[in-house]
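S.K.:
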Amino acid sequence: MVGLDILSRIVTAAVLAVLPAAHVLAATFDQEQLHAATAIEAAMALAEPAAVAATQGSGDSRLADEERIFGIVVGTEPRAYSLSDLSRAGGHVDDVVDGGVVTIDAGRDAVPVVTRNGARIEGGQLESWATWSAQHRDTSVWRPSAEPGLPATRPVTDVRIEETRSYATAISCALSQSLVASNGPASQGLFVITGSLTNTAAAAIHHVLLRFELVDELGRIVYREDGYNRAAESMAAPGDDLAGDVEPLAPGAHDSFRMILVSAELPRFETARVQVAAVY
Numbered sequence: 001m002v003g004l005d006i007l008s009r010i011v012t013a014a015v016l017a018v019l020p021a022a023h024v025l026a027a028t029f030d031q032e033q034l035h036a037a038t039a040i041e042a043a044m045a046l047a048e049p050a051a052v053a054a055t056q057g058s059g060d061s062r063l064a065d066e067e068r069i070f071g072i073v074v075g076t077e078p079r080a081y082s083l084s085d086l087s088r089a090g091g092h093v094d095d096v097v098d099g100g101v102v103t104i105d106a107g108r109d110a111v112p113v114v115t116r117n118g119a120r121i122e123g124g125q126l127e128s129w130a131t132w133s134a135q136h137r138d139t140s141v142w143r144p145s146a147e148p149g150l151p152a153t154r155p156v157t158d159v160r161i162e163e164t165r166s167y168a169t170a171i172s173c174a175l176s177q178s179l180v181a182s183n184g185p186a187s188q189g190l191f192v193i194t195g196s197l198t199n200t201a202a203a204a205i206h207h208v209l210l211r212f213e214l215v216d217e218l219g220r221i222v223y224r225e226d227g228y229n230r231a232a233e234s235m236a237a238p239g240d241d242l243a244g245d246v247e248p249l250a251p252g253a254h255d256s257f258r259m260i261l262v263s264a265e266l267p268r269f270e271t272a273r274v275q276v277a278a279v280y
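Okay, so the sequence shown: first residue is 1 according to this note's numbering, each after it adds one.
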């Protein structure tokens with residue numbers, strides 16, 4: 001994961017140099033493509049935290065194929081937890097899945113225990129990431145945040161999505177050339193999701209967890225990824241110098257959000273949408 005995180009930062013800086021300031025990159029490439037990054041490594045210091053996208057041709061690159069994960073389907077949403085990330089989090093995680101708070105406890109049994117409102121949720125699986133992501137193409141991935149102890153006690157209605165825009169752009173970079181060559185001209189460039197939100201509550205908000213979803217022509221979610229509001233993007237970088245450098249959102253205040261994905265790494269989809277997953 002270290003190599004992928006570094007590469008996300010390199011690519012972020014490169015694309016931010018040519019995209020409007022309201023956009024951020026969420027793109028990763030496999031380890032072999034890391035060697036193509038030398039021309040823009042100097043831009044790493046300017047990079048911002050980034051999420052990662054799915055790879056259509058060789059599997060899902062958000063985690064290494066051999067990474068051991070715990071997977072669970074809550075309601076209609078599959079969610080994956082890297083066992084190494086769970087271990088670093090102390091084996092206990094409070095998360096938001098399918099619109100509700102769930103607790104993952106990996107400390108008592110061989111298979112982690114999942115509960116919601118005190119009731120156990122069955123069906124969790126220990127798998128390799130390659131197996132789980134092949135079975136659940138629309139899975140989301142839990143990521144440790146810069147401030148993991150904060151509870152999601154605020155209702156999602158405290159934040160209103162004002163607008164969402166999405167578009168494809170021909171802007172690309174040298175790092176994606178191998179993907180472009182293998183997927184054809186239609187897959188070139190980047191797919192951008194951006195928009196704005198408002199704190200509608202009477203109290204300040206620390207940060208907003210957003211869920212970006214791609215939906216196919218039948219209305220099925222084919223891809224999910226988590227992100228943060230613009231002022232809290234450092235939440236995605238635990239252990240980084242920028243971690244925790246969050247500007248709370250005052251009552252009535254507005255903020256933007258942004259996500260950029262490499263088109264060649266995405267499954268087929270019809271539309272994009274953004275939902276408020278949790279408010280902290």
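Think of the CB as a built atom: it goes at the ideal place given N, C-alpha and C, for glycine as much as any other residue.
Keep in mind that this is a model prediction, so the values were computed, not measured.
1. Terminal residues of the continuous alpha helix (DSSP H) containing threonine 131?
2. Kindly indicate which three-state DSSP category valine 246 falls into: helix, strand or coil?
3. Any chance the segment 207 to 221 sits against the segment 127 to 136, with 3 or more Cβ pairs inside 8 Å?
4. If you run the structure through DSSP and keep just helix, strand and coil, what is alanine 236?
5. Starting from the C-beta of isoleucine 69, find all residues in its chain whose C-beta is less than 8 Å away, skip the five residues before and the five after it, and write them out in chain order.
6. If contacts are defined as beta-carbon pairs under 8 Å, then phenylalanine 212 and alanine 272 qualify, I think. What distance do you get, rounded to the angstrom?
7. For the beta strand (DSSP E) containing leucine 86, name the first residue and the last one.
8. According to DSSP, which residues form a beta bridge with proline 78?
9. Using only the alpha-carbon positions, how far apart do aspartate 285 and valine 73 sit?
10. With respect to the beta strand (DSSP E) encompassing serine 61, which residues constitute its N-terminal and C-terminal limits?
11. Between the segment 153 to 168 and the segment 87 to 95, can you find at least three pairs of beta-carbon atoms closer than 8 Å?
12. I need the straight-line Cα distance from arginine 230 to glutamate 77, nearest angstrom please.
13. If the criterion is Cβ atoms closer than 8 Å, does the pair methionine 235 and alanine 146 meet it?
14. In this structure, what does DSSP give as the bridge partners for arginine 224?
15. Does the Cβ-Cβ distance between tyrosine 228 and leucine 214 come in under 8 Å?
16. Kindly list the residues whose CB is nearer than 8 Å to the CB of threonine 115, restricted to its own chain and excluding five residues on each side of it in sequence; keep chain order.
17. Going by DSSP, what residue range makes up the beta strand (DSSP E) through aspartate 105?
18. Measuring CB to CB, does proline 248 end up less than 8 Å from alanine 201?
19. According to the neighbour-count rule (16 or more other Cβ atoms, all chains shown, within 10 Å of its Cβ), is proline 155 buried or exposed?
M.R.: The structure says:
1. Here residue 131 refers to the residue found at position 131 when the sequence shown is read from its first residue. Note, threonine 131: alpha helix (DSSP H), 129 to 135.
2. Along the sequence shown, one-based indexing puts residue 246 at 246. It is coil, neither helix nor strand.
3. no
4. Taking the sequence shown and counting its residues from 1, the one referred to as residue 236 is at position 236. Correct three-state label for alanine 236: helix.
5. On the sequence shown, residue 69 is found 69 positions in, with the first residue counted as 1. The residues are Leu63, Ala80, Tyr81, Ser82, Leu83, Leu126, Glu127, Ser128, Trp129, Trp132.
6. For the purposes of this step, residue 212 is taken as residue 212 along the sequence shown, with counting starting at 1. For the purposes of this step, residue 272 is taken as residue 272 along the sequence shown, with counting starting at 1. Rounded, the Cβ-Cβ distance is 7 Å, consistent with contact.
7. Within the sequence shown, the letter at position 86 stands for residue 86. Segment 83 to 88 is the alpha helix (DSSP H) holding leucine 86; no beta strand (DSSP E) there.
8. The count along the sequence shown starts at 1 and reaches residue 78 at position 78. Partner(s): Val73.
9. Residue 285 lies beyond the stretch modelled for the chain, which goes from 1 to 280, so this question has no answer here.
10. Sequence index remark: in the sequence shown, residue 61 carries index 61 (1-based). Taken as a continuous stretch (DSSP letters only), serine 61 belongs to no beta strand (DSSP E), as it is neither H nor E.
11. no
12. As a position in the sequence shown, residue 230 is number 230, starting the count at 1. As a position in the sequence shown, residue 77 is number 77, starting the count at 1. Roughly 25 Å separates the two Cα atoms.
13. Numbered from its first residue, the sequence shown carries residue 235 at position 235. Numbered from its first residue, the sequence shown carries residue 146 at position 146. For methionine 235 and alanine 146, yes; Cβs fall inside 8 Å.
14. The sequence position of residue 224 within the sequence shown is 224, counting from 1. DSSP lists Glu213 as partners of arginine 224.
15. Here residue 228 corresponds to residue number 228 of the sequence shown, with the count starting at 1. Here residue 214 corresponds to residue number 214 of the sequence shown, with the count starting at 1. For tyrosine 228 and leucine 214, no; Cβs fall outside 8 Å.
16. Within the sequence shown, the letter at position 115 stands for residue 115. Answer for threonine 115: Val102, Thr103, Asp105, Ile121, listed in chain order.
17. Looking up residue 105 in the sequence shown gives position 105. Aspartate 105 -> beta strand (DSSP E) spans 100 to 105.
18. Here the question's residue 248 lines up with position 248 in the sequence shown. Here the question's residue 201 lines up with position 201 in the sequence shown. No, the pair does not count as a contact, with Cβ atoms beyond the cut-off.
19. On the sequence shown, position 155 is the one that residue 155 refers to. By the neighbour-count rule (16 or more Cβ atoms within 10 Å), proline 155 is not buried but exposed.
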